[in-house]
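Engineer:
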Amino acid sequence: MLKPVEAAIARSSMVIGGLVLLAMMLQVVVDVFMRALIGAGFPATPDLVGKYYMVAVSVLPLALTEVKRRHIEATIFTQGLSGRALAAVHLFGFAVFGGVLAVLLQGSAGEAMRQTARGAYIEAGTIRFVTWPSYWILPVSFGLALLVIAIRILEVLTGRFTDGHHDPLDQLQALEEDA
Numbered sequence: 455m456l457k458p459v460e461a462a463i464a465r466s467s468m469v470i471g472g473l474v475l476l477a478m479m480l481q482v483v484v485d486v487f488m489r490a491l492i493g494a495g496f497p498a499t500p501d502l503v504g505k506y507y508m509v510a511v512s513v514l515p516l517a518l519t520e521v522k523r524r525h526i527e528a529t530i531f532t533q534g535l536s537g538r539a540l541a542a543v544h545l546f547g548f549a550v551f552g553g554v555l556a557v558l559l560q561g562s563a564g565e566a567m568r569q570t571a572r573g574a575y576i577e578a579g580t581i582r583f584v585t586w587p588s589y590w591i592l593p594v595s596f597g598l599a600l601l602v603i604a605i606r607i608l609e610v611l612t613g614r615f616t617d618g619h620h621d622p623l624d625q626l627q628a629l630e631e632d633a
């Protein structure tokens with residue numbers, strides 16, 4: 455029922471993240487090339503990389519990591535659990551993560567609104583470099599992750615949540631066997 459929503463979040467996160475990485479790579483290459491060739495780089499490259507690209511690359515995949523269930527988990531205490539006990543642990547973990555995301559979403563959205571209202575910018579040489587749109591990357595990322603966590607909580611409550619065993623060593627061995 456909610457798998458299409460998860461798929462759309464995962465797909466959009468991957469596409470946007472890939473485009474951001476590509477844009478950052480191209481801009482840095484152009485900047486280095488211009489510095490070597492004409493002695494002056496692309497205007498505001500450090501500001502653009504620091505305010506936009508790195509923020510997006512750092513937090514945008516947050517929802518994707520939960521869709522793919524690739525967050526770090528300490529399962530040593532829960533690997534022997536099953537049934538209701540395991541569901542309760544999952545529900546507690548998702549609720550705590552959801553609470554943290556809600557606080558982060560509220561705080562970052564408030565800051566994004568303040569920066570938008572004042573038209574935040576920085577002086578980059580002789581140009582005004584607008585930075586207020588970059589403040590919206592965090593609330594969008596936290597909001598997407600919170601949506602995925604809400605789906606997880608609903609899945610646990612309805613008994614539809616299944617969590618497969620993720621062992622990186624097993625995955626590595628499978629890759630070696632395929633090679």
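Just so you know, we're using the numbering used here here: the sequence shown kicks off at 455 and counts up by one. By construction, the Cβ of each residue, glycine as well, lies at the ideal position given by its N, Cα and C atoms.
1) My assumption, with CB atoms under 8 Å, is that residue 602 sits in contact with residue 521. Please give the rounded CB distance.
2) If you draw a straight line from the C-alpha of residue 456 to the C-alpha of residue 605, how long is it?
3) For residue 485, count neighbouring C-beta atoms within 10 Å of its own C-beta (all shown protein chains included) and say buried if the count is 16 or more, exposed if not.
4) Give, in chain order, every unbroken run of the alpha helix (DSSP H) that is at least 4 residues long and sits entirely within the region 522-575.
5) Looking at the strands, I want to know which residues DSSP matches up with residue 578.
6) If distances are taken between C-alpha atoms only, which option among 586, 538, 519 and 543 comes closest to residue 530?
7) Flag this pair as touching only if the region 606-615 and the region 576-590 have three or more C-beta atom pairs under 8 Å; answer yes or no.
8) Measure how close the beta-carbons of residue 515 and residue 471 come, nearest whole angstrom, since I'm counting them as under 8 Å.
9) If you measure between the beta carbons of residue 592 and residue 556, is that distance less than 8 Å?
10) Quick one, which of 506, 517 and 509 has its alpha-carbon nearest residue 461's?
11) Where do the ends of the alpha helix (DSSP H) carrying residue 606 lie?
12) Apply the 10 Å Cβ neighbour rule to residue 539 and answer buried if 16 or more other Cβ atoms are within range, or exposed otherwise.
13) Can you give me the C-alpha to C-alpha distance between residue 537 and residue 507, rounded to a whole angstrom?
14) Using the three-state DSSP reduction, which class does residue 497 fall into: helix, strand or coil?
15) Helix, strand or coil: how does DSSP classify residue 518 here?
16) If you compare alpha carbons, which of 466, 612, 573 and 585 is closest to residue 519?
17) Spell out whether any CB of chain C is found under 8 Å from the CB atom of residue 552.
18) Taking its Cβ as the centre, do 16 or more other Cβ atoms sit within 10 Å of residue 548, making it buried, or is it exposed?
19) Can you tell me whether residue 494 is buried or exposed? The criterion is at least 16 other CB atoms within 10 Å of its CB, across all chains shown.
Structural biologist: Per the coordinate set shown:
1) Indeed, because the Cβ distance is near 6 Å, the residues count as touching under 8 Å.
2) Cα-Cα distance, rounded: 7 Å.
3) buried
4) 537-572
5) Per DSSP, 581.
6) 543
7) no
8) The pair is a contact, with the Cβ atoms about 6 Å apart (cut-off 8 Å).
9) no
10) 517
11) 591-612
12) exposed
13) Each residue's CA atom was taken as its position, placing residue 537 and residue 507 some 43 Å apart.
14) coil
15) helix
16) 466
17) The structure shown has no chain C; it contains just one protein chain.
18) buried
19) Flag for residue 494 reads exposed.
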